[in-house]
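Q:
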Amino acid sequence: MDYKRLSNSKERFIGKRLSYRIFLNKDAKYYALNKNDKSPAFTYRSDLNRWIANRDEQMRELENSKQPELF
33 MDYKRLSNSK
43 ERFIGKRLSY
53 RIFLNKDAKY
63 YALNKNDKSP
73 AFTYRSDLNR
83 WIANRDEQMR
93 ELENSKQPEL
103 F
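Going from the sequence shown to this note's numbering is simple: count from 1 and add 32.
1) Counting only the same chain and skipping the five closest in sequence on each side, list residues whose C-beta sits under 6 angstroms from that of E43.
2) Could you check if L65 is buried or exposed, using at least 16 other CB atoms within 10 Å of its CB as the buried criterion?
3) Around the C-beta of L80, are 16 or more other C-beta atoms found within 10 angstroms, so that it is buried, or is it exposed?
4) In the structure shown, what three-state DSSP assignment does K48 receive?
5) Are there 16 or more other CB atoms within 10 angstroms of the CB of Y76, so buried, or fewer, so exposed?
Structure, rendered in structure tokens:
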């Protein structure tokens with residue numbers, strides 16, 4: 033990891049949750065990225081975690097609805 037670039041960066045990577053990478057932006061707001069899916073910015077980590085859980089459930093339901101009916 034390039035610590036020099038990270039320390040000069042305006043954003044900080046602070047962890048992962050359910051395949052989302054969580055960052056803190058320069059305004060001290062939390063947001064998460066997963067491939068092309070970006071969350072809105074939240075003031076509280078708990079709000080972000082709730083968004084991630086809801087989004088994960090939505091994606092799972094979407095995948096299930098795409099599968100053909102077996103019966």
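Note that beta-carbon positions come from the ideal geometry of N, C-alpha and C, so glycine has one too.
This one's a predicted model, so the numbers in the text were calculated from it and none came from an experiment.
A: For this structure:
1) A distance below 6 angstroms between beta-carbons, with the five flanking residues on each side excluded, links E43 to the following residues of its chain, in chain order: F55 and N57.
2) Flag for L65 reads exposed.
3) By the 10 Å Cβ count, L80 comes out buried.
4) In this structure, DSSP gives K48 an extended state, which the three-state scheme calls strand.
5) Y76 comes out exposed.
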